[in-house]
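In my numbering, the protein residues as written are 737 to 862.
C-beta atoms are modelled at their ideal positions from N, C-alpha and C, and glycine is treated no differently.
As the structure is a computational prediction, the values presented were derived from the model and not from experiment.
Here the structure comes first, spelled out in structure tokens, and everything after it is commentary.
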């Protein structure tokens, strides 16, 4: 379980709890109001979603790439500093979506899941 200072909670995989809590705590420290989070789901609404495995978290996300309030300008840096991928860094951006993965912020690294090895998912593939 991941918790924000506002009381919002989300269920995630135990191996991802530390990384997601790192992100949520960083957003809390910046004063970003976390109203709701969506973590583990029994089904994936998108092919190859990491939500069913508990390896993805949506924060204040109303639709793809739509958050209210808007994510802070350093959304990608915060996610990467916690060992997460921000959907905002993809070619088809998805601000407010975060997932556990192998992208470290430099070089040609992609998420460790087999279905995320496709380059077109990342704007920073080079």
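Cβ distance (whole Å) where residue i is taken to contact residue j below 8 angstroms
i, j, result
"residue 835", "residue 812", "In fact, because the Cβ distance is near 13 angstroms, the residues do not count as touching under 8 angstroms."
"residue 795", "residue 823", "Actually they are not in contact, since the Cβ atoms of residue 795 and residue 823 sit about 10 angstroms apart, beyond 8 angstroms."
"residue 797", "residue 774", "7 angstroms"
Same chain, Cβ closer than 8 angstroms to residue i, neighbours up to 5 away in sequence not counted
i, result
"residue 807", "768, 795, 796, 824, 831, 832"
"residue 763", "740, 770, 795, 808, 814"
Residues near residue i in its chain [Cβ-Cβ closer than 6 angstroms; skip 5 each side]
i, result
"residue 786", "792, 835"
Exposed unless 16 or more other CB atoms sit within 10 angstroms - verdict on residue i
i, result
"residue 837", "buried"
"residue 840", "Note that residue 840 has pLDDT 36, beneath the 50 cutoff, so the model's placement of it is unreliable and the number below is only indicative. Exposed, because fewer than 16 other Cβ atoms sit within 10 Å of the Cβ of residue 840."
"residue 802", "exposed"
Neighbourhood of residue i by C-beta distance below 7 angstroms, restricted to the same chain and skipping five residues each side
i, result
"residue 790", "747, 748, 749, 752, 775, 776"
"residue 804", "796, 798"
"residue 772", "744, 796"
Residue i and residue j closer than 7 angstroms at C-beta
i, j, result
"residue 759", "residue 829", "no"
"residue 818", "residue 744", "no"
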